[in-house]
Every structure is written in C-alpha cells, then in structure tokens.
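Position 267 (the sequence shown) corresponds to 315 in our numbering; numbering is contiguous. Just so you know, even glycine gets a beta-carbon here, dropped at the ideal spot from N, CA and C.
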Amino acid sequence: MNQKKLWTGMICLALSAALLLTGCGGKGGSDKSGGATSGGGSKSDVSSSASSADKSGQPVDYSKYNAYLDLADEIGGEIEPILEVYFSNVSFDPSFTVTGDYAAIKEAVEFYTPNTYLVEKALDYLDEEPAYPEADAALRDLGDSPVKVMEALNHLGSYMRFDEFEEDNLAKAREIHAELWSALQVYDANYEAFLAAFDILASQGEEDSLNQLLEEEEMILYHSLCLIRTSEDILNDVWSQIDAANTGEETVLPEIDMTNLSPLFDSLQTSHDSLTQALGSESEREKVEMFTGRVGDSALELYTSRANSLYSYMGSLAEALMAGTDYAEALLNASDAIGSMIDSYNNIL
Numbered sequence: 049m050n051q052k053k054l055w056t057g058m059i060c061l062a063l064s065a066a067l068l069l070t071g072c073g074g075k076g077g078s079d080k081s082g083g084a085t086s087g088g089g090s091k092s093d094v095s096s097s098a099s100s101a102d103k104s105g106q107p108v109d110y111s112k113y114n115a116y117l118d119l120a121d122e123i124g125g126e127i128e129p130i131l132e133v134y135f136s137n138v139s140f141d142p143s144f145t146v147t148g149d150y151a152a153i154k155e156a157v158e159f160y161t162p163n164t165y166l167v168e169k170a171l172d173y174l175d176e177e178p179a180y181p182e183a184d185a186a187l188r189d190l191g192d193s194p195v196k197v198m199e200a201l202n203h204l205g206s207y208m209r210f211d212e213f214e215e216d217n218l219a220k221a222r223e224i225h226a227e228l229w230s231a232l233q234v235y236d237a238n239y240e241a242f243l244a245a246f247d248i249l250a251s252q253g254e255e256d257s258l259n260q261l262l263e264e265e266e267m268i269l270y271h272s273l274c275l276i277r278t279s280e281d282i283l284n285d286v287w288s289q290i291d292a293a294n295t296g297e298e299t300v301l302p303e304i305d306m307t308n309l310s311p312l313f314d315s316l317q318t319s320h321d322s323l324t325q326a327l328g329s330e331s332e333r334e335k336v337e338m339f340t341g342r343v344g345d346s347a348l349e350l351y352t353s354r355a356n357s358l359y360s361y362m363g364s365l366a367e368a369l370m371a372g373t374d375y376a377e378a379l380l381n382a383s384d385a386i387g388s389m390i391d392s393y394n395n396i397l
C-alpha cells in the first residue's frame with residue numbers, strides 16, 4: 049500500500065458508497081444488507097426494488113452482489129481509512145519506524161470492530177451464480193487476506209484503546225506492525241483490483257437501474273439516483289485531477305480544470321430541480337411507501353433535507369473550484385453529503 053493508494057484509494061469508494069441492490073433470496077434470504085455506507089467508499093453500487101426482476105420477469109437474486117458490496121464497503125470505509133492514518137505516522141516498510149505522532153493513530157482505530165464475517169460471506173458466494181468474472185477473479189486473488197488485516201487492526205485497536213503504547217514504550221507496537229505488515233502482503237497486492245472490478249460491476253448495475261426506474265415511472269427514485277450519480281461523477285473527476293497532480297511525496301491540491309465539470313454541475317442543477325418537482329407531486333410520493341402512512345410527512349421532510357443539503361454542498365464545492373480557493377473542506381463535505389443521501393435513498397427502497 050503505497051502512500052498514493054493510502055491517500056486516494058479509499059476515497060474512490062467513499063465518495064460513491066453503496067446503493068443497495070435488492071432481490072430474491074439465495075443464501076440467507078433477500079439479503080437487503082444494512083444500507084449504504086459512505087466509507088466508503090465506496091463507486092456507485094445501485095439499483096432499486098424496480099430492478100428485482102430480469103427482462104423475463106423472473107426474480108433476480110442480488111445476494112451475491114450485496115455480499116461483494118458489503119466487503120467493498122468494509123475495505124473502503126473501514127480498513128483503508130485506518131491504514132491511511134497508521135502509515136501517515138509509521139513508515140511503510142517491514143521495520144517499525146515512527147515517522148509522525150504514534151498517539152494520533154488512536155482515534156482512528158480504538159473502536160474498530162473486525163467484521164471478518166463479511167469476508168467469509170463474500171468468499172462463500174465466490175463460485176455461486178451469477179458469475180461476475182472480473183470481480184470473482186479479483187476476490188479469489190484477495191482471498192482471506194482482509195481477515196488477517198482486520199485481525200491485526202483489532203490488535204492495534206486494543207493496544208491503543210487503553211494507552212498501553214505509552215506504558216510499554218512501544219514494545220508491543222513492533223509486534224503489531226510485523227503482524228500487520230505480513231497481512232498486507234497479499235491484501236495490498238489485490239484489494240485495489242477487487243475494488244476496481246466491483247466498481248465496473250456497480251456502474252453496469254447503475255445504468256440498468258436508471259433505465260428500469262424510468263420505464264416504471266418511479267420519478268422520485270429516478271431523479272434521486274441521477275442526483276447521486278452526477279454528484280459522484282463530479283467528485284470522481286476532481287479526485288482524478290488531484291491524483292494526477294500528486295506524483296511526489298508532498299500532497300498538493302491543484303487548480304481544477306472545469307472543462308468536464310461545468311456540464312456536470314449543470315446536470316446536477318437539472319437533477320435537483322426535477323427531484324424537487326417529483327417530491328412535490330402527491331402522485332409520485334404515493335409510489336414511495338416510506339412517504340405514506342403515519343411517518344410519511346417526517347420521512348419526506350428528512351429526505352428532502354438530505355437532497356437539499358447535497359445540492360448545497362455541491363454548490364459550495366463548485367464555488368470554491370471556480371474561485372480557485374482552498375476546496376479541501378468543501379470536497380470532504382460534499383463526499384459526506386453524498387453518503388447521507390445514499391443512506392436516505394436506501395431507506396426508501
């Protein structure tokens with residue numbers, strides 16, 4: 049895990065988090081997993097209940113997809129952020145050398161929970177249908193290496209939680225570093241390929257979802273997904289330019305070329321306007337079960353607030369980029385807002 053990966057790799061998933069695919073059972077039933085997360089984050093992994101049948105009208109089982117999604121989320125939203133902090137303060141090599149403030153690692157890892165079952169679940173689906181050739185191959189190469197990384201991070205969290213590192217003069221820190229370094233040998237060589245393969249898979253599912261939602265005239269879901277997708281595309285473009293500008297050790301925030309971004313911001317405006325109109329339509333709201341019944345008004349209010357917040361934060365990002373001012377905070381706020389919007393979207397499926 050080189051420093052460039054540490055800095056930008058986990059952002060790739062974080063800014064696209066995970067929109068659930070729902071369908072019929074398979075192993076463990078319908079497997080509507082616990083919702084999207086912005087950690088990670090994770091590219092857009094999408095569908096709606098409208099996508100729970102294929103063109104033949106037969107139910108589609110998305111259990112395998114969601115198992116892969118959960119693992120991708122765990123890597124991008126939990127493991128990578130911790131590793132980023134760790135290797136910002138400890139040298140990225142077999143020998144243990146503190147290069148920053150070792151105590152700064154505590155906040156990132158002290159409450160970490162190793163969700164090893166997510167790895168086991170994804171691997172359990174590896175040879176199941178449907179086949180996802182690229183993602184399957186990448187997961188096969190990744191194997192159970194995330195489990196070993198999780199276990200090492202759990203040991204690190206326990207070590208940091210009660211400040212044991214201060215009491216033993218970092219004696220145990222060297223042992224944990226050796227364990228983590230060993231675990232990273234397979235993980236680091238393969239995790240990025242798995243995320244990339246899943247990203248492609250998710251993009252394909254996203255396009256199918258948009259088409260299906262439009263055909264079914266589910267306009268709240270359709271315009272919500274357009275808003276999320278366009279926001280992700282904007283952040284992807286910005287991060288790609290940041291990535292390309294950072295070829296050395298020192299992190300820099302370059303001036304952003306707006307050539308491709310300007311039409312995306314225009315599309316964002318259109319998506320938000322269309323979503324606002326759909327949310328204001330009683331006939332459209334009746335298509336979303338969450339917006340009916342006793343909690344309908346409060347659910348609608350919260351959903352509208354999330355959509356407006358995303359639009360506002362993306363607008364602040366546009367202003368900062370066009371003005372040429374420091375846009376780091378605006379970029380992170382926009383990423384968080386996408387994650388919140390995805391959470392809300394998942395909740396109304």
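Whose C-beta lies closer than 6 Å to the C-beta of ALA385 among residues of the same chain, with five residues either side of it excluded?
-> Residues SER357, LEU358, TYR361 of the same chain have their beta carbon placed closer than 6 Å to that of ALA385, with the five preceding and five following residues left out of the count.
Which stretch, first to last residue, makes up the alpha helix (DSSP H) that contains ARG188?
-> Looking at the DSSP string, the run of the alpha helix (DSSP H) that includes ARG188 is 181–190.
With DSSP collapsed to three states, give me the class of VAL416.
-> For the chain, the structure presents residues 49 to 397; residue 416 sits outside this window and is missing.
How many whole angstroms separate the CB atoms of TYR173 and ALA115, which I take to be in contact at a CB cut-off of 8 Å?
-> Contact flag correct, Cβ pair sits at about 5 Å.
So, helix, strand or coil for VAL197, using DSSP?
-> Look at VAL197 here: in three-state DSSP terms it is helix.
Buried or exposed for VAL195, please, with buried defined as at least 16 other CB atoms from any protein chain shown within 10 angstroms of its CB.
-> Flag for VAL195 reads buried.
Could you give the DSSP three-state label for VAL138: helix, strand or coil?
-> Strand, per DSSP.
To the nearest angstrom, report how far apart THR278 and SER257 are at their CA atoms.
-> Cα to Cα, THR278 sits roughly 15 Å from SER257.
Out of curiosity, what's the CA-to-CA distance linking GLY344 and ALA355?
-> Each residue's alpha carbon lies about 16 Å from the other.
Apart from the five residues on each side of it in sequence, which residues of its chain come closer than 6 Å, Cβ to Cβ, to ASN238?
-> Closer than 6 Å at the Cβ level, and outside the excluded window around ASN238, lie ASP189, LEU190.
Go through its chain and collect everything with a Cβ distance to ILE130's Cβ below 7 Å, but skip five positions before and after it.
-> For ILE130, the CB contacts under 7 Å within the same chain, skipping 5 residues up- and downstream, are ALA156, VAL157, TYR160, LEU201 in chain order.
With DSSP as the reference, label PHE246 as helix, strand or coil.
-> If DSSP states are grouped into helix, strand and coil, PHE246 belongs with the helices.
Quick one: is PHE210 buried, meaning 16 or more other Cβ sit within 10 Å of its Cβ, or exposed?
-> Exposed is the label assigned to PHE210, since fewer than 16 other Cβ atoms lie within 10 Å of its Cβ.
Reducing DSSP to helix, strand and coil, say where MET267 ends up.
-> Helix.
Going along the chain, which residues of its own chain have a beta-carbon closer than 7 Å to the beta-carbon of GLN289, five neighbours each way excluded?
-> The answer, listed in chain order, is PRO302, ILE304, ASP305.
Is it a yes or a no for the region 217–237 touching the region 258–271, going by three-plus beta-carbon pairs under 8 Å?
-> No: the two stretches stay apart, fewer than three of their Cβ pairs being nearer than 8 Å.
Using the C-alpha atoms, what's the distance from ALA241 back to GLY372?
-> Whole-angstrom Cα-Cα distance: 34 Å.
Evaluate ARG333 with the Cβ neighbour count: other Cβ atoms within 10 Å of its Cβ, from every protein chain shown; 16 or more gives buried, anything less gives exposed.
-> Counting the other Cβ atoms within 10 Å of the Cβ of ARG333 gives 16 or more, which makes it buried.
Between TYR110, ASP121, THR145, VAL300, which lies nearest to TYR180 when the distance is taken from Cα to Cα?
-> The candidate whose alpha carbon is nearest that of TYR180 is TYR110.
Do you know offhand how far TYR235's Cα is from ALA186's?
-> Spanning the alpha carbons of TYR235 and ALA186 requires a straight line of approximately 11 Å.
Comparing alpha-carbon positions, which option in PHE144, GLU199, GLN233 lies nearest ARG219?
-> As written in the sequence, residue 219 is Ala, which differs from the Arg given in the question. Nearest option by C-alpha distance: PHE144.
DSSP three-state assignment for THR299, whether helix, strand or coil | DSSP places THR299 in the coil class of the three-state scheme, outside both helix and strand.
Start-to-end residues for the alpha helix (DSSP H) that takes in GLY363 | Boundaries of the alpha helix (DSSP H) around GLY363: 344–371.
Between which two residues does the alpha helix (DSSP H) containing TYR173 stretch?
-> It is not in any alpha helix (DSSP H) - TYR173 carries neither H nor E in the DSSP assignment.
Given ALA245, which residues of its chain have a CB within under 6 Å of its CB, disregarding the five upstream and five downstream residues?
-> Around ALA245: GLU182, ALA183, ALA186.
Could you say which of THR340, ALA151, GLY341, TYR393 lies nearest to GLY205 if we only look at CA atoms?
-> Nearest option by C-alpha distance: ALA151.
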